[in-house]
Amino acid sequence: MKNFSSLLMLLLILNSCETTKTRSFTEEEISIVPKPSEMLIKEGSFRFTEDTKISVENDTQKPAAKYLSDLFENAAGYPLSIIDTREDRGIVLVNDDAITSEAYTLEVTPKKITIKASDPAGYFYGVQTLRQLLPPSIETKNSKEQNWVIPSIQITDSPRFSWRGMHMDFSRHFFSLDEVKTFLDYMALYKLNTYHMHLTDDQGWRIEIKKYPLLTEKGAWRVESSHDIACNELAKTDPSYIIDERHYHNRDGQKMYGGFFTQDEIKEIIAYAAERQIEVIPEIDMPGHFKSAIDNYPYLSCTDEAGWGELFSTPACLGKETTYEFTKNILSEIAELFPSEYIHIGGDEVNIQSWKECPLCQKVIKDNNLKDEHELQSFFNREIEVFLKSKGKRLMGWDEIVEGGLSKDATMMWWRN
Numbered sequence: 000m001k002n003f004s005s006l007l008m009l010l011l012i013l014n015s016c017e018t019t020k021t022r023s024f025t026e027e028e029i030s031i032v033p034k035p036s037e038m039l040i041k042e043g044s045f046r047f048t049e050d051t052k053i054s055v056e057n058d059t060q061k062p063a064a065k066y067l068s069d070l071f072e073n074a075a076g077y078p079l080s081i082i083d084t085r086e087d088r089g090i091v092l093v094n095d096d097a098i099t100s101e102a103y104t105l106e107v108t109p110k111k112i113t114i115k116a117s118d119p120a121g122y123f124y125g126v127q128t129l130r131q132l133l134p135p136s137i138e139t140k141n142s143k144e145q146n147w148v149i150p151s152i153q154i155t156d157s158p159r160f161s162w163r164g165m166h167m168d169f170s171r172h173f174f175s176l177d178e179v180k181t182f183l184d185y186m187a188l189y190k191l192n193t194y195h196m197h198l199t200d201d202q203g204w205r206i207e208i209k210k211y212p213l214l215t216e217k218g219a220w221r222v223e224s225s226h227d228i229a230c231n232e233l234a235k236t237d238p239s240y241i242i243d244e245r246h247y248h249n250r251d252g253q254k255m256y257g258g259f260f261t262q263d264e265i266k267e268i269i270a271y272a273a274e275r276q277i278e279v280i281p282e283i284d285m286p287g288h289f290k291s292a293i294d295n296y297p298y299l300s301c302t303d304e305a306g307w308g309e310l311f312s313t314p315a316c317l318g319k320e321t322t323y324e325f326t327k328n329i330l331s332e333i334a335e336l337f338p339s340e341y342i343h344i345g346g347d348e349v350n351i352q353s354w355k356e357c358p359l360c361q362k363v364i365k366d367n368n369l370k371d372e373h374e375l376q377s378f379f380n381r382e383i384e385v386f387l388k389s390k391g392k393r394l395m396g397w398d399e400i401v402e403g404g405l406s407k408d409a410t411m412m413w414w415r416n
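Put into structure tokens, the structure is as follows:
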């Protein structure tokens, strides 16, 4: 019996050693998107526990440290303590001015994780790499995961592109504030830094403009379209197509679909994105794709009516001073709300037929020695560009804005081929 007890004790000790021993990872087990510039896998691993601390040197490191701490509080049920003293264990954030903006180095050993960078974005992206190295359950609230282990690894990384963007179209289908935040969280995971919000189009106006309340009181809502009906049909077998009932309301006996963001909600989105090193770019379409505005302010069109041509909606009239006043008033509120360098004005798919038939538009063409209606649109774009410059902003548009001539300072997004 004595020998049996000794053998049992030896087995327990060996088992204990095995459970505390750090494991090693293979390259096939590691998936980081986008792929780092340089990556070297080493022996062993690092284990996160309730006692793991994050050491910071300065305030620029604290947002990234808090993001990592919050991940663990959400998934594991405990935050990682953030301390201002340097320790030779845990997670250590180190300033290195030789590292370029947004770049970072990450070194993981069984004892310590070191992230070096020179700016908040670099530290943040280092943390996002840790997030990808962690078990997928780090994304799950109140996870049952107990084994928070990542490989020993050495990474040097920097972005290939300065503009790493994603686009959401709120006009055809409205997304809630919570859905936007979820989208931004996953943009952060993949180190994307530019969020393009397509906020207005023919099908709906999705942002509060205080000077023109009808844009959201009425312009943010529409009767169900064929797209909505198709979604509701597909939702019978696939829940991902379900349209949130909060996006419906009844007006004048009709079931209306839509929604919009208040300016306070937009500020909340901008702040949430900024915490994730993401810039928010607004798109306010003009002079085409403007039906949701013309429906409620019909004096903006050449005929004082909203409508459709063969393919595209009737645009705003570029022969009326009221159009320039209206669009500038809108952009004044947008420029004050969004800290972004760019404001996107769309400019695509404009039905120029109404301008051909409008005496006021033809007078502007003649008075300004313009060749045709495409140059009339460029005339409008340059007017808006000068106005945006006065607000400290730069104009951006889709590639159609080049057709009548493009100023040297405008920026074009190409979508057509």
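In numbering that gives the first Met the number 0, the protein residues as written are 0 to 416. Note that the Cβ used here is the ideal one computed from N, Cα and C, for glycine as well.
query	result
Rounded C-alpha distance that separates G447 from K61	Past the boundaries of the shown model lies residue 447; the chain is included only from 0 to 416, so the question cannot be answered.
F259 - DSSP class collapsed to helix/strand/coil	coil
Within 8 Å, strictly: CB atoms of F123 and Y66	yes
L13 to L105 span [Cα, whole Å]	Annotation note: pLDDT 43 at L13 (below 50); position unreliable, coordinate value reported separately. Computed Cα separation, rounded: 33 Å.
Three-state secondary structure assigned by DSSP to A116	strand
Cβ-Cβ distance between L299 and I342 below 8 Å	no
Cβ-based burial, T48 [other Cβ within 10 Å; buried from 16]	exposed
Close-in-space but distant-in-sequence residues of the same chain around T19 (CB under 7 Å, 5 per side omitted)	For T19, the predicted model reports a pLDDT of 44, less than 50, meaning its position is unreliable and no value from the coordinates is stated.
Proximity below 8 Å, CB of P286 to CB of Q376	yes
Sheet register partners of N249 (DSSP bridge)	K254
P33 versus L129 - alpha carbon distance	13 Å
Exposure of P35, with buried meaning 16 or more beta-carbon neighbours within 10 Å	buried
Whole-number beta carbon distance between S151 and F260, since they are thought to touch under 8 Å	Contact doesn't hold; Cβ gap of about 45 Å is too wide.
C-alpha gap between Q145 and Y77, whole angstroms	12 Å
R415 in three-state terms, based on DSSP	coil
Cβ distance (whole Å) where A120 is taken to contact D95 below 8 Å	In fact, because the Cβ distance is near 14 Å, the residues do not count as touching under 8 Å.
Nonlocal neighbours in the same chain, by C-beta distance under 7 Å from S4, ignoring five residues either side	Residue placement at S4 is flagged as unreliable, the pLDDT there being 49, under the threshold of 50; the coordinate-derived value follows with that caveat. The answer is none, since no qualifying residue turns up.
Residues near N231 by beta carbon distance below 7 Å, same chain, minus five either side	I242
Inter-residue spacing [alpha-carbon to alpha-carbon] between K41 and Q153	8 Å
Outcome for K210 when other beta-carbon atoms lying within 10 angstroms are tallied against a minimum of 16	exposed
Beta-carbon contacts of D200 that lie in its chain and below 6 Å, excluding the five residues immediately before and after	S170, D284 and H288
Beta-carbon contacts of E28 that lie in its chain and below 8 Å, excluding the five residues immediately before and after	P150
Residue from M411, P314, T193 and V401 whose Cα sits closest to the Cα of R275	T193
For N231, three-class secondary structure by DSSP	helix
Helix, strand or coil at E178 [DSSP, three-state]	helix
Start-to-end residues for the beta strand (DSSP E) that takes in R46	E37 to R46
I329 versus L213: straight-line alpha-carbon distance, rounded	13 Å
Reduced DSSP secondary structure (H/G/I, E/B, other) of G121	helix
Inter-residue spacing [alpha-carbon to alpha-carbon] between T113 and S54	10 Å
Cα-Cα separation, T313 to S157	46 Å
Contact between the segment 318-332 and the segment 296-310 (3+ Cβ pairs under 8 Å)	yes
M255 vs W220 beta-carbon contact at 8 Å	yes
Helix, strand or coil at L387 according to DSSP, with G and I counted as helix	helix
Closest Cα partner of Y189 within the set W204, V126 and E332	V126
Integer Cβ distance of E374 from G403, believed to fall under 8 Å	4 Å
Euclidean distance between Cα positions of L9 and T108	Because L9 sits at a pLDDT of 45, beneath the cut-off of 50, its placement in the model cannot be relied upon, and the following sentence gives the value as read from the coordinates. Distance between the alpha carbons of L9 and T108: 29 Å.
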